[in-house]
Amino acid sequence: MRKIYYRDAVLEALDEEMARDPMVMMIGEDVGVGDGTWRCSKGLMKKYGDLRMKDSPISESGIVGMGIGMALTGMRPIVEIMFSDFMLVAMDQIVNQMAKVCYMSGGQKNVPMVIRTTIGAGRAAAAQHSQNLNAVIAHFPGSKIVIPSDAYTAKGLLKSAIREDNPVIVVEHRKHYSVEFDMPDDADENLLIPIGKAAVVHEGTDITVVANSYQVGQCVKVAEHLEKKGVSVEVIDIRTLVPLDKETIVKSVKKTGRLLIVDEGYTSFGVAAEICACIQDDVFYDLDAPIRRLCAPDVPIPFSPALEKFICPTENTILKAIQGLL
Numbered sequence: 206m207r208k209i210y211y212r213d214a215v216l217e218a219l220d221e222e223m224a225r226d227p228m229v230m231m232i233g234e235d236v237g238v239g240d241g242t243w244r245c246s247k248g249l250m251k252k253y254g255d256l257r258m259k260d261s262p263i264s265e266s267g268i269v270g271m272g273i274g275m276a277l278t279g280m281r282p283i284v285e286i287m288f289s290d291f292m293l294v295a296m297d298q299i300v301n302q303m304a305k306v307c308y309m310s311g312g313q314k315n316v317p318m319v320i321r322t323t324i325g326a327g328r329a330a331a332a333q334h335s336q337n338l339n340a341v342i343a344h345f346p347g348s349k350i351v352i353p354s355d356a357y358t359a360k361g362l363l364k365s366a367i368r369e370d371n372p373v374i375v376v377e378h379r380k381h382y383s384v385e386f387d388m389p390d391d392a393d394e395n396l397l398i399p400i401g402k403a404a405v406v407h408e409g410t411d412i413t414v415v416a417n418s419y420q421v422g423q424c425v426k427v428a429e430h431l432e433k434k435g436v437s438v439e440v441i442d443i444r445t446l447v448p449l450d451k452e453t454i455v456k457s458v459k460k461t462g463r464l465l466i467v468d469e470g471y472t473s474f475g476v477a478a479e480i481c482a483c484i485q486d487d488v489f490y491d492l493d494a495p496i497r498r499l500c501a502p503d504v505p506i507p508f509s510p511a512l513e514k515f516i517c518p519t520e521n522t523i524l525k526a527i528q529g530l531l
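Converting from the sequence shown to this note's numbering requires adding 205 to each position, the first position being numbered 1.
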């Protein structure tokens with residue numbers, strides 16, 4: 206194992222893929238001269254030049270539109286949207302163009318492009334810079350969505366996304382960038398984590414907890430705490446939201462009989478609600494308790510840190526939710 210910061214794992218993936226394929230390039234606000242908003246593209250402009258590391262104006266719709274055009278002409282662009290909130294400015298490009306070109310051309314045209322963006326409350330960034338819009342972008346078919354939970358998945362999923370012939374949205378959590386993780390020594394340029402496959406990151410028999418992104422680490426800590434008290438918690442990192450690995454979740458719930466879904470998105474009409482609905486037919490007679498969701502309440506994200514701390518699931522609220530289901 207080696208230690209690596211999450212942002213450096215992203216940087217490794219970008220560097221390796223740009224070195225491997227000259228058609229891979231990046232475009233976004235401050236990706237070049239400024240080394241990236243979160244320092245994830247540090248040094249790449251100096252190494253690959255400003256034709257492949259392109260700083261853009263503040264125009265999300267224009268950035269995504271340019272990426273679509275590049276992808277249609279044979280390039281593999283990586284478009285950085287600084288905050289996922291700003292994807293709303295480019296939704297026509299994302300859901301009406303990028304996601305539909307292959308379908309509307311009868312498969313004659315592909316859009317092999319990546320959108321990298323961030324989610325995450327907890328940094329007092331207020332209601333327009335802290336949202337989790339995963340459920341919004343997942344609603345429209347045509348794009349794949351991956352959600353790394355640590356440095357290993359950040360590198361492996363991003364490399365797979367760049368090589369994918371369909372559009373992929375990579376959702377990173379801003380709390381992760383300055384966190385150091387263990388990285389296997391063999392996680393080199395050959396590391397490719399398959400898109401569409403979840404992972405059981407902590408095995409258990411009493412209850413299944415499904416999570417993504419930053420919440421995976423919190424759920425594992427709670428599982429390790431409860432393990433010392435004789436409670437066996439199975440934690441699943443979904444890794445990919447679209448396509449969702451339903452089979453791994455169903456198999457686990459059939460074993461444990463209980464399911465808690467932890468997601469930072471809003472409770473209503475969200476990712477957790479969709480997971481509940483899509484597995485219900487397969488696990489209904491195996492359940493020993495109703496499926497429970499632990500998500501953000503249906504209110505805008507407060508600016509005040511004192512109020513914001515009540516928004517996202519925490520280790521304490523996850524622990525209480527598990528205890529309630531048991």
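Don't be surprised by glycine CBs; every beta carbon is placed ideally from N, CA and C.
Remember, predicted model here, so these are calculated numbers, not experimental data.
Residue i burial status per 10 Å Cβ neighbour count (16 or more: buried)
i: Tyr-471; result: buried
i: Lys-349; result: buried
i: Phe-515; result: exposed
i: Cys-483; result: exposed
i: Gly-475; result: buried
i: Glu-429; result: exposed
i: Leu-256; result: exposed
i: Ala-332; result: exposed
i: Ile-263; result: exposed
i: Leu-219; result: buried
i: Ala-214; result: buried
i: Tyr-382; result: buried
Rounded C-alpha distance that separates residue i from residue j
i: Gly-233; j: Gly-435; result: 49 Å
i: Met-206; j: Ser-310; result: 46 Å
i: Asp-390; j: Cys-500; result: 35 Å
i: His-344; j: Val-300; result: 9 Å
i: Leu-249; j: Asn-337; result: 28 Å
i: Lys-259; j: Val-414; result: 41 Å
i: Glu-285; j: Gly-241; result: 9 Å
i: Asp-221; j: Val-316; result: The amino acid occupying residue 221 in the given sequence is Glu; Asp does not appear at that position. Those two C-alpha atoms are separated by around 21 Å.
i: Pro-495; j: Gly-462; result: 9 Å
i: Ala-392; j: Asp-468; result: 28 Å
i: Val-294; j: Asp-493; result: 44 Å
i: Gly-312; j: Glu-385; result: 42 Å
i: Phe-288; j: Ser-266; result: 13 Å
Within 8 Å, strictly: CB atoms of residue i and residue j
i: Val-406; j: Val-421; result: yes
i: Met-296; j: Met-318; result: no
i: Tyr-419; j: Gly-270; result: no
i: Glu-217; j: Lys-402; result: no
i: Ala-526; j: Leu-449; result: no
i: Arg-328; j: Arg-379; result: yes
i: Leu-277; j: Lys-314; result: yes
i: Val-440; j: Val-488; result: no
i: Thr-322; j: Arg-444; result: no
i: Ile-352; j: Asn-417; result: yes
i: Pro-372; j: Gly-347; result: yes
Counterpart residues of residue i in DSSP-defined beta bridges
i: Leu-464; result: Thr-413
i: Glu-439; result: Thr-413
i: Ala-501; result: Tyr-471
i: Met-303; result: Partner(s): none; Met-303 has no beta bridge.
i: Gly-233; result: Asp-260, Glu-285
i: His-407; result: Val-440
i: His-378; result: Ile-324
i: Phe-386; result: Ile-209
i: Val-373; result: Val-319, Lys-349
Coarse secondary structure for residue i, derived from DSSP in three states
i: Met-206; result: coil
i: Leu-446; result: strand
i: Ile-516; result: coil
i: Lys-349; result: strand
i: Phe-508; result: coil
i: Val-319; result: strand
i: Val-341; result: helix
i: Asp-393; result: coil
i: Cys-424; result: helix
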